[in-house]
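Asker: Take a look at this one; I'll ask things after.
Numbering (my numbering), first residue to last: 56 to 233.
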C-alpha cells in the first residue's frame, strides 16, 4: 500500500503558495495589491487568520484516516473529548485506531510544525528533523496521561511544513502501509 497522494499534496502545496505569493509581491511593488504579503509565502505557513493552518491540519487528518480505512483499520475521528469527569475539552486523538497494538487503541495526534520559527531555527539549521522531534515530545507531554487513562497509546504524527515527518510518524505510516 502507498501513502495517499493527498497527504503528499498537502505538504507540497507550500511550493504552490510560494509561486502565488511571488506573483502577488509583483502587484505589491506596482501598487496594485492592497496588503503587504511576504514574497516567499512563509506567513501563510503559520497564520491562523484565514484558517489555512487548521485546514491543512484537517486535510492531513482526513487523509491519514482514509489511509487507515484502506488498510481496514476502522479509524475514528476526533476522539477523547469529554470522556473524563473533569470536563476536559482536549482531544488526544485526531484519529483513533482500535486494536493497534496488543488490543490497545492508538491515538494519532497530528501536528504541523514550522522549523523557521525563531525558537527552533538554530536547532533546525543544525539537525535534520529537529522540530519534528520537539513536536513529538510536546505531543507526548500533553497526551500520554490522557491516553493512558483511556487505555490508548499516544502516537504523534508530526510533520514539518517543508515535508519532513517525525520518526514516530514514519514508523506509523510504514506500519499502516504493510
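Glycine included, each C-beta is placed from N, C-alpha and C at the ideal position.
Note that the coordinates shown come from a computational prediction; the quantities given were computed from them, not determined experimentally.
Quick check: what's the CA-CA separation for residue 14 versus residue 129?
Answerer: Because the chain is modelled from 56 through 233, residue 14 falls outside the range shown and cannot be assessed.
Asker: Give a yes or no on whether the C-beta atoms belonging to residue 167 and residue 214 are separated by under 8 Å.
Answerer: Sequence index remark: in the chain shown, residue 167 carries index 112 (1-based). Sequence index remark: in the chain shown, residue 214 carries index 159 (1-based). Yes, these two residues count as a Cβ contact at 8 Å.
Asker: Per DSSP, what kind of secondary structure is residue 224 in: helix, strand or coil?
Answerer: In the chain shown, the residue the question calls residue 224 occupies position 169. Reduced to three states, the DSSP call for residue 224 is helix.
Asker: Grouping DSSP H, G and I as helix and E and B as strand, with all else coil, what is residue 187?
Answerer: Counting from 1 along the chain shown, the entry for residue 187 is found at position 132. If DSSP states are grouped into helix, strand and coil, residue 187 belongs with the helices.
Asker: Here's the rule I'm using: 16 or more other beta-carbon atoms within 10 Å means buried, otherwise exposed. How should residue 232 be labelled?
Answerer: On the chain shown, position 177 is the one that residue 232 refers to. The residue is exposed, with fewer than 16 neighbouring Cβ atoms inside 10 Å.
Asker: For residue 134, which residues from the same chain have a beta carbon less than 6 Å from its beta carbon, with the 5 sequence-adjacent residues on both sides left out?
Answerer: The residue labelled residue 134 in the question sits at position 79 within the chain shown. The residues are 148, 151.
Asker: Could you name the residues that DSSP lists as bridge partners for residue 215?
Answerer: As a first step, residue 215 must be located in the chain shown, where it is residue number 160. DSSP lists 168 as partners of residue 215.
Asker: Can you tell me where the alpha helix (DSSP H) with residue 179 in it begins and where it stops?
Answerer: The residue labelled residue 179 in the question sits at position 124 within the chain shown. Note, residue 179: alpha helix (DSSP H), 176-181.
Asker: With DSSP as the reference, identify every bridge partner of residue 152, one or two as the case may be.
Answerer: For the purposes of this step, residue 152 is identified with residue 97 of the chain shown, where counting begins at 1. Beta-bridge pairing links residue 152 to 161.
Asker: Beta strand (DSSP E) containing residue 132: first to last residue?
Answerer: As a first step, residue 132 must be located in the chain shown, where it is residue number 77. Here the beta strand (DSSP E) through residue 132 covers 131-134.
Asker: Indicate the three-state DSSP secondary structure (helix, strand or coil) for residue 123 in the structure shown.
Answerer: Counted from its first residue, the chain shown places residue 123 at position 68. Three-state result, residue 123: helix.
Asker: Could you tell me if residue 220 is buried or exposed, where buried requires 16 or more neighbouring beta carbons within 10 angstroms of its beta carbon?
Answerer: The residue given as residue 220 occupies position 165 in the chain shown. The residue in question, residue 220, is buried, as its Cβ has 16 or more Cβ neighbours within 10 Å.
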